[in-house]
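Enquirer: In order, the protein sequences belong to chains A and B. Each residue of the first sequence is one higher than the one before, counting from 1 in the working numbering. Each residue of the second sequence is one higher than the one before, counting from 1 in the working numbering. The beta-carbon is built from N, C-alpha and C at its ideal position, and this holds for glycine as well. Have a look at the structure that comes next, please.
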Amino acid sequence: MKTMLYAILFSVMVGTALLPASSYAFGGGEPPWSAPMMPGGKMIKTEGTAAYYEFDQPYDAVLAWYKEALKNYRDPNYAHVDWAKYRDWKDQMYIEDQGAAPWHSIGIQKGGGNKTVVKIVRDNFTWIFSTLLIRFAGVFFVLIVLWLLLNLNGAVMRRYFSEKEAKAKVG
Amino acid sequence: MSWNEIWDLLVGTLQTTGFPTMTWQHVVMWAIGGFFLYMAIVKDFEPLLLLPIGFGIFLVNFPNTPLFGYTEGHPQLLQFFYKYGILWEVIPCLIFLGLGAMTDFEPMIANPKMLLIGAGAQLGVFVTFTGTILCGFSIKEAASVGIIGGADGPTTIYLTAKLAPHLLAANTLAAYSYMSMVPIIQAPIMRAMTNGKERLIRMKVSRKVSRTEVVLFPLICGGIIALLVPAVMPLMGMLMFGNLMRVTGVVKRLVNTAANPLMDMVTMFLGLSVGASMLGSVFLTYKPLLVFALGLLDFVVCTAGGILTVKVMNLICKDKINPLIGNSGVSALPMSPRLSQVIGQQYDKKNYLLMYAMAACLAGSIGSPAAAGMLLSMFE
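Structural data, given as structure tokens:
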């Protein structure tokens with residue numbers, strides 16, 4: 001009876017917690033999913049959770065526009081916390097959303113001369129689950145290293161003390 | 001004195017009182033503060049924490065009180081404790097110092113494979129992180145809510161202060177509340193996830209641990225954490241320092257200070273600061289309610305994660321482990337190990353699981369900062 005009560009209580013709480021999640025995750029939405037969109041671009045293709053836009057502008061001009069557009073994209077509670085995280089990769093400038101916007105990233109591709117392709121990706125389960133998996137595996141890795149070293153230390157100590165005991169017996 | 005002057009004087013005096021600027025949020029927060037005080041004083045429920053938190057809530061939720069703001073750029077009293085104690089991450093680290101001085105890691109050193117249970121029990125941290133993002137929280141907020149399941153109060157405070165200080169009160173309360181509800185939350189999960197045969201498993205007697213091993217442990221563990229997850233070294237460094245002082249036995253006075261008077265002082269300032277951060281205008285939103293719901297889910301999944309890890313280990317290891325100690329992978333010390341022991345003895349009166357469960361719990365106390373480090377590394 002008690003277990004049933006717990007199960008019901010738990011289901012209600014989980015349900016309450018996941019109610020907004022379901023609408024958020026499966027609500028869909030249209031590209032560019034509230035991401036800032038530089039004027040003059042045309043959509044060249046869509047691919048699952050991503051949309052590609054082409055601009056008749058060099059990379060530097062597109063990047064400058066996005067930096068300006070995301071200048072005030074900050075945590076409203078803490079003005080110094082920038083929600084757009086920039087990663088300068090070899091092939092693109094990758095801008096990741098660390099806020100709660102429906103878009104996940106904006107990739108401004110390099111090396112296109114006077115044409116620049118911008119890839120906008122919406123929040124998706126692939127990213128969320130990969131993050132989950134990699135970081136969970138990371139915790140295991142840390143503790144496995146500790147486990148191995150403690151085992152090694154234990155083995156060395158046992159050997160050292162058994163040799164010492166043996167010597168004491170002989171002595 | 002004319003009537004006009006008397007009137008102005010009365011109005012002026014009235015305006016310096018709290019009445020004209022009082023809002024409904026103040027009244028609701030008095031009720032919440034009063035509830036915490038009731039739980040602490042009458043029900044004896046986590047009084048060390050709930051009493052200062054409840055009174056902190058009560059103190060700051062009056063208009064015009066110079067307690068949690070700034071006067072000419074200088075922090076007022078409770079703002080001072082909050083800013084330098086919590087936002088500067090001093091208090092959680094001092095708590096870890098005291099915990100290190102109180103903790104005996106021997107059961108874990110004797111059974112290092114228990115470390116895997118501590119890692120497995122962090123499952124909920126990452127599952128809830130995902131769920132929290134889906135609920136519309138920002139990534140930083142999600143990371144701070146996720147860590148609640150590790151049942152590690154100081155780590156929760158440390159991570160939340162770094163990533164989402166506005167959720168500090170909700171996260172701290174959720175973490176400590178669920179820790180104190182271990183028997184209610186974990187017992188049904190432990191029973192549901194184990195069968196009669198598993199509950200009767202008796203584990204191999206632990207080996208003796210030499211003093212040298214015990215002394216080397218803080219150095220080895222501290223070194224590994226510093227290399228692999230340096231972001232949490234302020235916490236782990238203090239934990240290991242406290243432990244080193246304890247195990248060497250050469251600074252008994254310092255150990256006593258770290259474990260007793262210092263712990264008492266930081267607990268007082270922690271409670272007051274957390275309570276003071278619960279201003280009605282900040283706290284009364286939908287987010288704290290979601291934090292409580294997600295925190296519970298987190299704690300449940302962490303418990304299940306620990307038990308599942310034991311079951312997987314039993315498929316591989318020669319010496320079987322009783323899955324009833326899996327719940328202790330969360331670092332709710334000493335509640336979780338005690339529960340493992342109590343439930344274990346309900347099925348076999350001569351089965352003593354306490355020391356093994358302690359080992360799993362100590363592993364959790366390392367696993368949970370490691371998980372926090374993994375989350376922090378996203379934002380470095």
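The beta strand (DSSP E) spanning phenylalanine 68 of chain B covers which residue range?
Expert: Segment: none, phenylalanine 68 of chain B is in no beta strand (DSSP E) and carries neither H nor E.
Enquirer: May I ask which residues mark the beginning and end of the beta strand (DSSP E) holding aspartate 88 of chain A?
Expert: Aspartate 88 of chain A -> beta strand (DSSP E) spans 84 to 88.
Enquirer: Thinking C-alpha only, which one of B:Ile109, B:Trp24, B:Tyr352, B:Ser365 is nearest methionine 203 of chain B?
Expert: B:Tyr352
Enquirer: Taking the alpha-carbon of alanine 164 of chain B as reference, which of B:Gly150, B:Gly124, B:Gly146 has the nearest alpha-carbon?
Expert: B:Gly146
Enquirer: Is methionine 179 of chain B buried or exposed, if buried means 16 or more other CB atoms sit within 10 Å of its CB?
Expert: buried
Enquirer: Looking only at its own chain, which residues have a Cβ that is under 6 Å from the Cβ of tyrosine 53 of chain A, when we skip the five neighbours before and after it?
Expert: Gly41, Met43, Val118
Enquirer: Would you identify the three-state DSSP class for glutamate 141 of chain B, choosing helix, strand or coil?
Expert: Here glutamate 141 of chain B carries a helix assignment [DSSP, helix/strand/coil].
Enquirer: For a contact defined as C-beta to C-beta under 9 Å, what are the partners of methionine 38 of chain A on chain B?
Expert: Within 9 Å Cβ-Cβ: nothing; methionine 38 of chain A doesn't reach chain B, min ~24 Å.
Enquirer: Given this structure, state the Cα-to-Cα distance separating methionine 268 of chain B from leucine 48 of chain B, to the nearest angstrom.
Expert: One Cα belongs to methionine 268 of chain B, the other to leucine 48 of chain B, and the distance between them is close to 8 Å.
Enquirer: Alpha carbon to alpha carbon, how far is serine 138 of chain B from proline 81 of chain A? Give it in angstroms, no decimals.
Expert: Just to set this straight, residue 81 of chain A is valine in the shown sequence, not proline. Roughly 12 Å separates the two Cα atoms.
Enquirer: At a CB-CB cut-off below 9 Å, which residues of chain B make contact with glycine 138 of chain A?
Expert: Leu228, Val229, Ala370, Ala371, Gly373, Met374, Ser377
Enquirer: Kindly indicate if chain A contains any beta-carbon less than 9 Å away from that of histidine 26 of chain B.
Expert: no
Enquirer: Can at least three beta-carbon pairs, one atom from the stretch 52 to 62 of chain B and one from the stretch 16 to 32 of chain B, be found at a separation below 8 Å?
Expert: Segments in contact, yes.
Enquirer: What is the residue span of the beta strand (DSSP E) that glutamate 96 of chain A lies within?
Expert: 92 to 97
Enquirer: Taking Cβ positions only, does asparagine 153 of chain A come closer than 9 Å to chain B?
Expert: Yes - at least one Cβ of chain B is within 9 Å of the one on asparagine 153 of chain A.
Enquirer: Take serine 23 of chain A and list the residues in its own chain whose beta-carbon comes closer than 6 Å to its own, dropping the five residues that flank it on each side.
Expert: Because the pLDDT of serine 23 of chain A is 43, which lies under 50, any placement of that residue in the model is unreliable, and the question is left without a value.
Enquirer: Tell whether a beta-carbon distance below 9 Å holds between leucine 77 of chain B and leucine 87 of chain B.
Expert: no
Enquirer: Give the C-beta separation of proline 31 of chain A and isoleucine 120 of chain A to the nearest angstrom, bearing in mind that I take them to be a contact with Cβ-Cβ under 8 Å.
Expert: 6 Å
Enquirer: Taking C-beta to C-beta, are valine 182 of chain B and serine 365 of chain B nearer than 9 Å?
Expert: no
Enquirer: Cutting at 7 Å between CB atoms, please list the residues of its own chain near methionine 22 of chain B, excluding the five before and the five after it.
Expert: Pro63
Enquirer: Run through chain A and tell me which residues come within less than 8 Å of serine 138 of chain B, C-beta to C-beta.
Expert: Asp75, Trp83, Gln98, Gly99, Ala100
Enquirer: Would you call glutamate 72 of chain B buried or exposed, if buried means 16 or more other Cβ atoms sit within 10 Å of its Cβ?
Expert: When all chains shown are included, glutamate 72 of chain B counts as exposed.
Enquirer: List the residues of chain A whose Cβ lies closer than 9 Å to the Cβ of glycine 129 of chain B, in chain order.
Expert: Here the sequence assigns phenylalanine to residue 129 of chain B, which means glycine is not the residue at that position. Ordered by position in chain A, the residues that pass the 9 Å Cβ test against phenylalanine 129 of chain B are Ile128, Thr131, Leu132, Arg135.
Enquirer: If I follow the unbroken beta strand (DSSP E) through tryptophan 33 of chain A, where does it start and stop?
Expert: Where tryptophan 33 of chain A is concerned, there is no enclosing beta strand (DSSP E), given that its DSSP letter is neither H nor E.
Enquirer: Check whether the Cβ atoms of glycine 275 of chain B and isoleucine 57 of chain B lie closer than 9 Å to each other.
Expert: yes
Enquirer: Alpha helix (DSSP H) containing methionine 268 of chain B: first to last residue?
Expert: Here the alpha helix (DSSP H) through methionine 268 of chain B covers 261 to 276.
Enquirer: Whose Cβ in chain B lies nearer than 8 Å to the Cβ of tryptophan 147 of chain A?
Expert: Pro112, Lys113, Leu115, Leu116
Enquirer: Taking only three categories from DSSP, how would you classify serine 23 of chain A?
Expert: For serine 23 of chain A, the predicted structure reports a pLDDT of 43, less than 50, and the residue's modelled location is therefore unreliable. The matter cannot be settled from this model.
Enquirer: Give the DSSP bridge partners of tyrosine 53 of chain A, in chain order.
Expert: A:Met43, A:Val118
Enquirer: Go ahead and pull the three-state DSSP assignment for isoleucine 224 of chain B.
Expert: helix
Enquirer: Which same chain residues end up closer than 8 Å to phenylalanine 129 of chain B when comparing Cβ atoms and leaving out the 5 residues on each side of it in sequence?
Expert: Ala142, Ala143, Val145, Gly146, Leu375
Enquirer: If we ignore side chains and look at the alpha-carbon of each, how far apart do glutamate 213 of chain B and leucine 167 of chain B end up?
Expert: 40 Å
Enquirer: With 9 Å as the threshold, decide whether the Cβ of glutamate 213 of chain B is near any Cβ in chain A.
Expert: yes
Enquirer: Could you give the DSSP three-state label for alanine 117 of chain B: helix, strand or coil?
Expert: Here residue 117 of chain B turns out to be isoleucine, not alanine, going by the sequence shown. It is helical.
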